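Participant:
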Amino acid sequence: MSTTTESARKSMPSALTFERHAKCSTTKARASTLHLPHGSVQLPIFMPVATQASLKGLTYEQLRQTGCMLCLNNTYHLGLKPGQEVLDAVGGAHKLQGWDRNLLTDSGGFQMVSLLELATVTEEGVRFLSPHDGSPMLLTPEHSISLQNSIGSDIIMQLDDVIATTSPDHARIKEAMERSVRWLDRCIEAHQYPERQNLFCIIQGGLDLELRKQCCAEMVARDTPGIAIGGLSGGEAKEEFCKVVDTCTGLLPEDKPRYVMGVGYPEDIIVAVALGADMFDCVWPTRTARFGQAIVSSGTLNIRHKEFAQDFGPIDKDCTCACCRPTEQGGLGITRAYMYHVAAKETVGAHLLTIHNVHFLLSLMNAVHQAIREDRYPDFVRQFFSNQYGGDKSKYPEWAVGALRGVGLDLLAD
Ligand SMILES: [Zn+2]
Numbered sequence: 004m005s006t007t008t009e010s011a012r013k014s015m016p017s018a019l020t021f022e023r024h025a026k027c028s029t030t031k032a033r034a035s036t037l038h039l040p041h042g043s044v045q046l047p048i049f050m051p052v053a054t055q056a057s058l059k060g061l062t063y064e065q066l067r068q069t070g071c072m073l074c075l076n077n078t079y080h081l082g083l084k085p086g087q088e089v090l091d092a093v094g095g096a097h098k099l100q101g102w103d104r105n106l107l108t109d110s111g112g113f114q115m116v117s118l119l120e121l122a123t124v125t126e127e128g129v130r131f132l133s134p135h136d137g138s139p140m141l142l143t144p145e146h147s148i149s150l151q152n153s154i155g156s157d158i159i160m161q162l163d164d165v166i167a168t169t170s171p172d173h174a175r176i177k178e179a180m181e182r183s184v185r186w187l188d189r190c191i192e193a194h195q196y197p198e199r200q201n202l203f204c205i206i207q208g209g210l211d212l213e214l215r216k217q218c219c220a221e222m223v224a225r226d227t228p229g230i231a232i233g234g235l236s237g238g239e240a241k242e243e244f245c246k247v248v249d250t251c252t253g254l255l256p257e258d259k260p261r262y263v264m265g266v267g268y269p270e271d272i273i274v275a276v277a278l279g280a281d282m283f284d285c286v287w288p289t290r291t292a293r294f295g296q297a298i299v300s301s302g303t304l305n306i307r308h309k310e311f312a313q314d315f316g317p318i319d320k321d322c323t324c325a326c327c328r329p330t331e332q333g334g335l336g337i338t339r340a341y342m343y344h345v346a347a348k349e350t351v352g353a354h355l356l357t358i359h360n361v362h363f364l365l366s367l368m369n370a371v372h373q374a375i376r377e378d379r380y381p382d383f384v385r386q387f388f389s390n391q392y393g394g395d396k397s398k399y400p401e402w403a404v405g406a407l408r409g410v411g412l413d414l415l416a417d
């Protein structure tokens with residue numbers, strides 16, 4: 004592990020301002036505003052994932068209408084196609100996509116390790132075979148940052164050494180954590196535009212809380228503009244997920260945004276916010292839309308179920324998205340019956356449900372922000388769980404009850 008002392012480091016420039024508004028008086032939830040180069044975003048936030056510089060099924064105008072101020076692009080995909088040369092020529096991914104709001108890019112490492120069976124990690128970087136022509140390629144921390152510099156995203160992520168959270172190989176988990184710290188140093192060194200792109204570090208350490216603590220100390224000392232908690236949402240038990248988030252947020256500075264990667268189920272987000280997390284992303288809300296699943300206040304609806312064939316109400320009665328809003332209010336007045344007819348069959352079905360799901364999650368996050376600012380987050384969480392489980396407390400998941408109890412919120416109390 005690097006032994007550079009904090010005093011020896013020069014402070015990294017930051018292209019963001021983190022404005023704190025309120026902290027929940029019971030849980031660890033925080034409400035703040037993150038001022039980024041392409042506009043301000045309210046935290047806590049959910050960030051939809053536009054893998055190939057397009058949110059499947061949505062135009063950027065439609066994405067804008069959902070209220071989205073910050074979405075994800077994948078460095079791995081953009082690096083392969085259109086490639087760095089095109090990105091440099093056009094002046095970055097904002098221009099390529101016609102998106103004038105904020106972008107966050109991952110480092111590309113996760114895609115490689117998760118998509119490519121033949122990826123191997125060495126101190127130098129991640130070696131893999133090109134999915135195009137099978138030729139050997141190497142993604143180093145320097146190359147990842149160079150690509151993200153060309154993309155021009157407002158938030159860029161360090162290359163980290165990613166392994167499955169459920170890996171039983173403790174020595175390998177430790178190695179990955181320590182290597183991620185060393186790779187952060189290389190990323191900081193390689194980063195060309197710290198005054199306009201914010202580099203986030205990624206805390207690793209698997210489910211081992213001691214490793215997570217060590218990693219927090221090392222990463223915090225590097226003073227990046229924001230901090231991510233990585234390596235989760237990989238099939239670990241929810242109890243373990245909560246312990247890691249809770250442990251890390253307890254050690255992270257109050258004045259920086261905290262991003263828990265790969266989280267998109269409303270229930271998980273609501274709990275992670277109570278544990279002190281601010282930012283989330285996941286492909287699930289958009290992917291599930293393509294399979295005909297609508298996110299609503301009572302959970303998830305399979306809109307292809309025949310019970311909806313003659314249901315002429317909106318997808319969700321309280322939703323104000325372009326689909327659910329009545330035509331008199333300028334919306335499309337889409338009914339469940341219509342969605343039943345087109346979902347997972349016609350392109351327009353995926354398209355409409357994607358608009359709804361993204362809008363629904365962004366509205367939920369907006370409501371979370373307001374509830375924290377008005378210091379009524381515990382009541383908000385109680386209402387959320389009551390809606391999800393039809394008021395039946397016996398159905399509440401134990402992991403959520405336990406995690407919330409740990410931050411002073413008893414879901415089962417009257
Ligand atoms: Zn809707």
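Residues 4 to 417 (my numbering) are what the sequence shown spells out, left to right.
Even for Gly, the Cβ is constructed at its ideal location relative to N, Cα and C.
For clarity, every value in this text was computed on a predicted model and none was experimentally measured.
Just to confirm the assignment: which complete alpha helix (DSSP H) runs, minimum length 4, are found wholly within the segment 42-130?
Facilitator: With a minimum length of 4 residues, the continuous alpha helix (DSSP H) runs that stay inside the segment 42-130 are 63-68, 78-81, 87-93, 96-100, 112-118.
Participant: What are the start and end residues of the alpha helix (DSSP H) that includes residue 24?
Facilitator: Where residue 24 is concerned, there is no enclosing alpha helix (DSSP H), although the beta strand (DSSP E) it sits in stretches over 20-26.
Participant: Please name the residue in 276, 208, 179, 370 whose C-alpha comes closest to that of residue 123.
Facilitator: The residue with the shortest Cα to Cα distance from residue 123 is 179.
Participant: Return the Cβ separation of residue 105 and residue 39 in integer angstroms, given the expectation that the two are a contact with Cβ distance under 8 Å.
Facilitator: About 5 Å separates the two Cβ atoms, so the contact holds.
Participant: Would you check if the segment 355-365 and the segment 195-213 touch, i.e. whether three or more CB-CB distances between them fall below 8 Å?
Facilitator: Not touching, per the Cβ criterion.
Participant: Can you give the beta carbon distance from residue 303 to residue 297, rounded, assuming they're within the 8 Å contact cut?
Facilitator: About 7 Å; that satisfies the 8 Å criterion.
Participant: Using C-beta distances below 7 Å, list every residue in its chain close to residue 177, excluding the 5 sequence neighbours before and after it, in chain order.
Facilitator: Excluding positions up to five away in sequence, the list reads 214.
Participant: Round the Cβ separation of residue 95 and residue 28 to the nearest angstrom and send it over; I've been treating them as touching at under 8 Å.
Facilitator: Their Cβ separation, rounded to whole angstroms, is 42 Å, which puts residue 95 and residue 28 out of contact at 8 Å.
Participant: Tell whether a beta-carbon distance below 8 Å holds between residue 232 and residue 248.
Facilitator: Taking 8 Å as the Cβ cut-off, residue 232 and residue 248 qualify as a contacting pair.
Participant: Where does residue 219 sit, in a helix, a strand or coil, going by DSSP?
Facilitator: Residue state, collapsed to three classes: helix.
Participant: Evaluate residue 171 with the Cβ neighbour count: other Cβ atoms within 10 Å of its Cβ, from every protein chain shown; 16 or more gives buried, anything less gives exposed.
Facilitator: Answer is exposed; the Cβ neighbour count stays below 16.
Participant: Would you check if the distance between the CB atom of residue 276 and the CB atom of residue 47 is smaller than 8 Å?
Facilitator: Result yes, Cβ atoms of residue 276 and residue 47 sit closer than 8 Å.
Participant: Cβ of residue 363 within 7 Å of any heavy atom in ligand 1?
Facilitator: Residue 363: yes, Cβ under 7 Å from ligand 1.
Participant: For the alpha helix (DSSP H) that contains residue 175, what are its first and last residues?
Facilitator: Here the alpha helix (DSSP H) through residue 175 covers 173-193.
Participant: State buried or exposed for residue 267, treating a residue as buried only when at least 16 other CB atoms are found within 10 Å of its CB.
Facilitator: Residue 267 is buried by the Cβ-count criterion.
Participant: Using 7 Å as the cut-off, classify the Cβ of residue 230 as near or not near the heavy atoms of ligand 1, replying yes or no.
Facilitator: False, no ligand heavy atom lies under 7 Å from that Cβ.
Participant: Sorry if obvious, but does the Cβ on residue 359 come closer than 7 Å to a heavy atom of ligand 1?
Facilitator: The answer is yes for residue 359.
Participant: Comparing alpha-carbon positions, which option in 193, 223, 107 lies nearest residue 144?
Facilitator: Taking only the C-alpha atoms, the option nearest residue 144 is 193.
Participant: Would you kindly report the start and end of the unbroken alpha helix (DSSP H) that includes residue 229?
Facilitator: Residue 229 -> not in any alpha helix (DSSP H); beta strand (DSSP E) instead, spanning 229-232.
Participant: Between the Cα of residue 161 and the Cα atoms of 174, 382, 254, 186, which residue gives the shortest distance?
Facilitator: Among 174, 382, 254, 186, the Cα nearest to that of residue 161 is on 186.
Participant: Among 189, 293, 337, which one has its Cα closest to the Cα of residue 147?
Facilitator: Considering only alpha carbons, the answer is 189.
Participant: Mind checking whether the beta-carbon of residue 204 lies closer than 7 Å to any heavy atom of ligand 1?
Facilitator: Not under cutoff, so the answer is no.
Participant: For ligand 1, is there a heavy atom less than 7 Å away from the beta-carbon of residue 306?
Facilitator: It does not: the Cβ of residue 306 is nowhere closer than 7 Å to a heavy atom of ligand 1.
Participant: Pick from 236, 286, 245: whose alpha carbon is nearest that of residue 410?
Facilitator: Minimum Cα distance to residue 410 is reached at 245.
Participant: Among all the DSSP beta bridges, which residues are the ones paired with residue 263?
Facilitator: Answer by DSSP bridge pairing, in chain order: 232, 283.
Participant: Note the first and the last residue of the continuous alpha helix (DSSP H) segment covering residue 296.
Facilitator: That residue, residue 296, is in no alpha helix (DSSP H); its beta strand (DSSP E) goes 296-299.
Participant: Between residue 356 and residue 346, which are expected to be in contact by the criterion C-beta below 8 Å, what is the C-beta distance as a whole number of angstroms?
Facilitator: Contact holds; Cβ gap of about 6 Å.
Participant: Is there a Cβ from chain B that is less than 8 Å from the Cβ of residue 174?
Facilitator: Any reference to chain B falls outside this structure, which holds one protein chain only.
Participant: What residue range is occupied by the uninterrupted beta strand (DSSP E) comprising residue 35?
Facilitator: It spans 33-39 - the beta strand (DSSP E) in which residue 35 sits, taken as one unbroken run.
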